[in-house]
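This report concerns only the one structure given below.
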Amino acid sequence: MGNTIINAGDTAWVLMATALVMLMTPGLAFFYGGLVRRKNILGVLMQCFAALCVVSIQWVLFGFSLAFAPSHGFWGGFAFAGLKGVGFAPNPAYAPTIPFEAFMVFQMMFAVITPALIIGAFAERMKFSSFLLFTLLWTTFVYDPIAHWVWGMGGWLRTLGVLDFAGGIVVHTTAGIAALVTALIIGKRKIDRASPPHNLPFAALGAALLWFGWFGFNAGSALAANGLAVSTFVVTNTAASSAGLTWMFMDWIFNGQTTVLGTITGAVAGLATITPASGFVSPASAIIIGFFAGVFCFLAVSFLKPRFAYDDSLDAFGVHGIGGILGVIATGIFASTLINPHGANGLLYGNTKQILIQLLAVGVTIVYTFMATFIIYKLIDVILGVRVGEKEEFMGLDLSQHHETGYTLME
Amino acid sequence: MGNTIINAGDTAWVLMATALVMLMTPGLAFFYGGLVRRKNILGVLMQCFAALCVVSIQWVLFGFSLAFAPSHGFWGGFAFAGLKGVGFAPNPAYAPTIPFEAFMVFQMMFAVITPALIIGAFAERMKFSSFLLFTLLWTTFVYDPIAHWVWGMGGWLRTLGVLDFAGGIVVHTTAGIAALVTALIIGKRKIDRASPPHNLPFAALGAALLWFGWFGFNAGSALAANGLAVSTFVVTNTAASSAGLTWMFMDWIFNGQTTVLGTITGAVAGLATITPASGFVSPASAIIIGFFAGVFCFLAVSFLKPRFAYDDSLDAFGVHGIGGILGVIATGIFASTLINPHGANGLLYGNTKQILIQLLAVGVTIVYTFMATFIIYKLIDVILGVRVGEKEEFMGLDLSQHHETGYTLME
Amino acid sequence: MGNTIINAGDTAWVLMATALVMLMTPGLAFFYGGLVRRKNILGVLMQCFAALCVVSIQWVLFGFSLAFAPSHGFWGGFAFAGLKGVGFAPNPAYAPTIPFEAFMVFQMMFAVITPALIIGAFAERMKFSSFLLFTLLWTTFVYDPIAHWVWGMGGWLRTLGVLDFAGGIVVHTTAGIAALVTALIIGKRKIDRASPPHNLPFAALGAALLWFGWFGFNAGSALAANGLAVSTFVVTNTAASSAGLTWMFMDWIFNGQTTVLGTITGAVAGLATITPASGFVSPASAIIIGFFAGVFCFLAVSFLKPRFAYDDSLDAFGVHGIGGILGVIATGIFASTLINPHGANGLLYGNTKQILIQLLAVGVTIVYTFMATFIIYKLIDVILGVRVGEKEEFMGLDLSQHHETGYTLME
Amino acid sequence: MKLIVAIIQPYRLEHVKEELYKMNVNLLTVSEVLGHGRQKGITEIYRGIKESGNLLRKIRIDIAVNEEFVETTIKAIIKGAKTGETGDGKIFVLDLKDCIRIRTEERGPVAIG
Amino acid sequence: MKLIVAIIQPYRLEHVKEELYKMNVNLLTVSEVLGHGRQKGITEIYRGIKESGNLLRKIRIDIAVNEEFVETTIKAIIKGAKTGETGDGKIFVLDLKDCIRIRTEERGPVAIG
Amino acid sequence: MKLIVAIIQPYRLEHVKEELYKMNVNLLTVSEVLGHGRQKGITEIYRGIKESGNLLRKIRIDIAVNEEFVETTIKAIIKGAKTGETGDGKIFVLDLKDCIRIRTEERGPVAIG
Ligand SMILES: Nc1ncnc2c1ncn2[C@@H]1O[C@H](COP(=O)(O)OP(=O)(O)O)[C@@H](O)[C@H]1O
Ligand SMILES: Nc1ncnc2c1ncn2[C@@H]1O[C@H](COP(=O)(O)OP(=O)(O)O)[C@@H](O)[C@H]1O
Ligand SMILES: Nc1ncnc2c1ncn2[C@@H]1O[C@H](COP(=O)(O)OP(=O)(O)O)[C@@H](O)[C@H]1O
């Protein structure tokens, strides 16, 4: 593949970033797991670990190929299936200075965490067997094609010039919309009353690991240890902080005091929102984007959800869906070629076209994800049944699905 | 900025180190959080996350400039405010082979964790609003100037030749002294009786994350992935182990058995103590420094504190203050130009001058920090009141400050 | 040491990998700690931290030398004692592009975790003082020599051409066999009834940190940020996922449902099993190896252990022993010079010799480890007594050994 | 006065509280207990080792009431807790000799409400 | 013999214990419970959803005493627990038919102390 | 009917349950409590500060039985719990006025078993 040569520094960074993104899935497990009732903690942890196992294998076998092999229209086809041709040599179409296999494994961790994000919507009431099948099908028929459209060689949105640095469309919009769909179909939890998080420190631990891992997620997407990676890193941290502070103050204004759950939720919303923009915007823009992330996701969670009365248990839609969509649009506004010459300018820098592309991309993604997720859900519901029985739900997923309990009550 | 060129390996290392140092603040949150009463865990977590958010934004807006812009005497002025001129090109005055922005963000995480360290002193009894204000003011008027003196271009202690590789003065002495001041003014907790840590495993988790992150803290301060970084890494691990073992044996001698809390406290003391010396000393010196860290911090915590009867709840002064001061002095004794030719020799290697510089630097830092912290504290006490009411204290900070509880009691 | 030059990218990767491997020991502490009774959590955490402290110092003083100094037959002698000659310059015999000291500290973390793995066998019933002595002696007389045989300059198994990329023999077989020996001699726990894990989320956290850290363990063993490191990284993740899924299905087949504990145990088994093979095999082979890891370790834990009625409390033998041995043999079958030209071909690629070498190496390791561990154990039993008294055991190690409790029962 | 002690299924707590409030029984004390009754719990399995898990999580409710409220309270508990399946639990009624409201130091029936 | 059951504010436990020890009441059993009384707790808020948090953490103390100690014990508890605010709690007094010290198999009043 | 309340050492629970099952006493409710008795616990030490740790973990067992089972039950508990050392615990026997099985709404002695 030409006169490309592997750069050890870039490779070191991408490998490390891959490890960081891998850690985000367990991080998410604790972020979500701390928020559910004590009797459902294992249900959440299990789904996250299962997503890691299943998608890792799917990706090696054919997922990566579907997403990144040269286009066959809808998705990438099977040219790279079984990692054929994915070896030590770089593929300059994706990353010219690192082994192609490093790009593959970095992308794998994105494919892993995306279905895991959806867990927040149907937490505390989905059958584990159905979750397994759902993850496999959803990854194959939703994640892989959309990743191809946006990032794959020949993908139509990529060709159109859409900007999505680290997955605002591919990861957060898809997961967020899928969360909305599943929350709507699966219905509310039996005990509707808000239940306090059973272990908020676990949620904080999860948020910390997510923040930590997100440096790999975003700055790793530079696929090199260069100035762009650094800029992305800074912008990521800035947006998270800004959104965390914003949510803190929103809580104070609307509810009379600041909260830990609000602050960490804000930070995660900021991270989700900056994701597509992170490689294209300045720190100043990141402060603004973080602010809007805090405001809009707060409002979605506090007002939209009660208003429409769907039970997105852990706000996967409110945080990742809203955040992702917001971020994709923000990219069309704040992107600057001063930060990333391979990007484009946004509205603020006089380019009106970009935001239209962004809106188109996010719109198509929403529609496709909505429909495809709906079909997959219904299919599984026919085959296995998606929701656990009432008794299992009351008993908790830990006991009913896995015959285990999270904590002993006595020594 | 001349013919400097970015090295991907160095950049990869500094980015990774930055992520590691970022993780230390949540690590500290768990280290401290595990030690407080169950009803105050969220209070601690919240303060740590808030420090991360607030200082991240302050740093980007003007904090970095105050600390690292070319000197205007007391601090660095506003030349780099809003990250003006802090971009992809390296600044050889600080780090010639990585983007200047990488240096900026690496330093950011130091500014974040320093005020978080102080939390240990006033844990379980400070108002959250006052903490927010305290953090902002303290970072601006204590951390930023002192960072400038020691590390900034034109800083007077830097010019004098003080050695502080990774923040024994800038981070640990300042935080430790501020801890002592606040513990003295805020007064004892209402229930004076020792309360056992509510979740020692969390404290151990925090200690593990601190140790892990400290590799970034110290070895990242080499600002390159070179032999010095490796040496610093080794020395850091060695001092932590040595101090951990020492405390273990001190516990055994003075209290009749070894303890988990003692061992992890010892390790953290060793890490704090080696910090200023880590880029200048040999592994053999690190064993000795670790030993003294274990002995002195143990004695401070076990005898000094009860003697003077201040309530430094989690021993922020006893561990970071004593450790930091000890380390700065030890640097003047054990530093060797064989390890770091850009450093200096210490007493042991025949240079008597260095230790005088070290003593002067630490002395001035103590005096300035003491006074400035006192003023900031009193100011906030007038405006907002620093300490929560008796009822709030009994109720716990989680409920009284954040209307949340850490753990549910039932399913 | 010749015309070698330090590569910053490689150094960055090895430093980072070292930090990752360091984190595995606390990770293991939580993996094990979550599984014991609530009254023994600190006992486990303490042993892991103590292993980290003790072996870190031992390694610097003489352990590294025993393992990696040029051969004196049985072990490496004292040429590198006190890190003499272990400095900034690379040692091409081990790693030509990074400081020799980086190789030293990377290897240190392997020496740390190996004795910690054994803890699983005698959990809940060993005296802490005896553990300290055991760790020191075992590291010195078992780990160091065997590391020398397999990896040291002039080591006889290395000379023979054995393949052990990241420690299937050196780490997992030795720890696993030592676990079997100690479990056999120390005898069963007093309360024989299975006790549910006191905190399964902690075990899951531990497994996540182990998985995360294992990227450093295996891919770091490439000692450079090159294609081989990437390949190792991919293969590691693949085997873990494959084994996790396999155990999940084994649980489903044999016990009627999937479990969290099974899935994470499977993943760890897969990681242990792929370790020796990770630098020599393809992702496809990794899927197969992971599958066998899941099957065999599951059977060992579920049938072998009850059959022979030894009380390997946390299955250190069943997972690491069986996994390690399996992996060493699998290396002899699946290794391919297409993946690693410095390796060899295995049975599948037409080389029958390799598997014989592998079998010999693992056989000798088993015999030596068995005997040496037995002697060390008996020696300590005479001096200090290894097992705690019945009352201490009932009381739990936290209170009886450390006068601490893990969690408070009330606020 | 009587002290009514009910052992119920954890997930019925909300319903029981609701029924009690309807009857103006607002004061109660709740704790988490483990119960061994006729109900067969789920067999837990850890690495293939079966834990018959004979102690199931239950909620215990303590309510001190004056005589005239005893039957109302019992009925309300039954209404909230009953599903008809084993494991629904038991109600125990004990004689209460005295009751003191700490805040006011009032004693006897008046202190109960 | 009586079994005295006190429900108190968690943060008064230390004071109550102190008062009891002064009166030579040294034997007691403590547990953590949730109480619903007249006290309005703090409304907890999770992502904007208000949790009336009607179950507040309380401490339950069980003390078995001989008749002559009943009043002393009640007074000591009141002394330690009383702040005068709602939520101070209640004391319930039950008849104790028998008491056995397991270690010695002694029964009756002698086994209590 | 009686309500038997036993406070025992945590690690004797298994033995006590075994003895009770032998006697066909299968229904019981267990909870974790802290006890202060004559037993001197281990002094806990946190950073050199000694915690006399006067509240030790204990297990509380509640068993409602019909009169004819009272002695059997007490004996079984003693058999399982007794080690002869301080800290073995106590058994308290209370009068049980009524007992209701929620599932069937049966009352009285028949509801106990
Ligand atoms: N005689 C008893 N003594 C103490 N607790 C009892 C007794 N009988 C029942 N319980 C408690 O009630 C719970 C439910 O009893 P169980 O027999 O499972 O249901 P049911 O009452 O519907 O037959 C048990 O788990 C136990 O906690
Ligand atoms: N009748 C009762 N039955 C059971 N528990 C009660 C009863 N009355 C009060 N309690 C317990 O006492 C606690 C304090 O009662 P509360 O009404 O808040 O305070 P006060 O007694 O000062 O009015 C309650 O939270 C509850 O646990
Ligand atoms: N009078 C009492 N009231 C309440 N609980 C008691 C009483 N006496 C003993 N206990 C409980 O029994 C436990 C064991 O008592 P202790 O005095 O230590 O042992 P022993 O009964 O063998 O002398 C105590 O920790 C406490 O929980």
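Chains as they are written, first to last, in my numbering: chain A, 1 to 411; chain B, 1001 to 1411; chain C, 2001 to 2411; chain D, 3001 to 3113; chain E, 4001 to 4113; chain F, 5001 to 5113. By construction, the Cβ of each residue, glycine as well, lies at the ideal position given by its N, Cα and C atoms.
For residue i, which residues in the same chain have their Cβ closer than 6 Å to its Cβ, ignoring the five residues on either side in sequence?
i	result
residue 1382 of chain B	none
residue 3015 of chain D	3080
residue 3 of chain A	The predicted model places residue 3 of chain A with a pLDDT of 44, which falls under 50 and marks its position as unreliable, so this point remains unresolved.
residue 4003 of chain E	4064, 4094 and 4096
residue 2357 of chain C	2160, 2161 and 2162
Taking the CB atoms as reference points, tell me whether residue i and residue j lie closer together than 8 Å.
i	j	result
residue 174 of chain A	residue 142 of chain A	yes
residue 266 of chain A	residue 340 of chain A	no
residue 226 of chain A	residue 1006 of chain B	yes
residue 24 of chain A	residue 209 of chain A	yes
residue 2056 of chain C	residue 2152 of chain C	no
residue 3030 of chain D	residue 3059 of chain D	yes
residue 2337 of chain C	residue 2343 of chain C	yes
residue 3045 of chain D	residue 2259 of chain C	yes
residue 4120 of chain E	residue 4009 of chain E	Chain E is shown only over 4001 to 4113; residue 4120 of chain E falls outside these bounds and no answer can be derived.
residue 273 of chain A	residue 326 of chain A	yes
Helix, strand or coil, according to DSSP, for residue i in the structure here?
i	result
residue 5090 of chain F	strand
residue 1037 of chain B	coil
residue 4012 of chain E	helix
residue 1072 of chain B	coil
residue 3078 of chain D	helix
residue 3022 of chain D	helix
residue 1007 of chain B	coil
residue 1992 of chain C	No statement about residue 1992 of chain C is possible, as the shown extent of chain C runs from 2001 to 2411 and does not include it.
residue 2044 of chain C	helix
residue 3035 of chain D	strand
residue 5047 of chain F	coil
residue 2305 of chain C	helix
residue 251 of chain A	helix
What does a CB cutoff of less than 7 Å around residue i pick up in its chain, not counting 5 residues either side in sequence?
i	result
residue 2014 of chain C	2098, 2102, 2106, 2220 and 2223
residue 5069 of chain F	5025
Considering only residues of the same chain and omitting the five flanking positions on each side of residue i, which have a CB-CB separation below 8 Å?
i	result
residue 93 of chain A	153
Decide yes or no for the touch test of the region 3052–3071 of chain D against the region 2383–2395 of chain C: beta carbon pairs closer than 8 Å, at least 3 of them. Using a Cβ-Cβ distance cut-off of 8 Å, the region 3052–3071 of chain D and the region 2383–2395 of chain C are not in contact, since fewer than three pairs of beta carbons, one from each stretch, lie closer than that value.
At 3 residues or longer, and completely inside the region 2198–2230 of chain C: list those beta strand (DSSP E) runs for me, N to C. none
Cβ contact (3+ pairs, closer than 8 Å) linking the region 179–188 of chain A and the region 156–163 of chain A: no
Mind listing, in chain order, the continuous alpha helix (DSSP H) runs of no fewer than 4 residues lying wholly within the region 2324–2404 of chain C? 2352–2383, 2390–2395 and 2397–2402
Could you tell me which whole beta strand (DSSP E) segments of length 3 or greater appear in the region 113–195 of chain A? none
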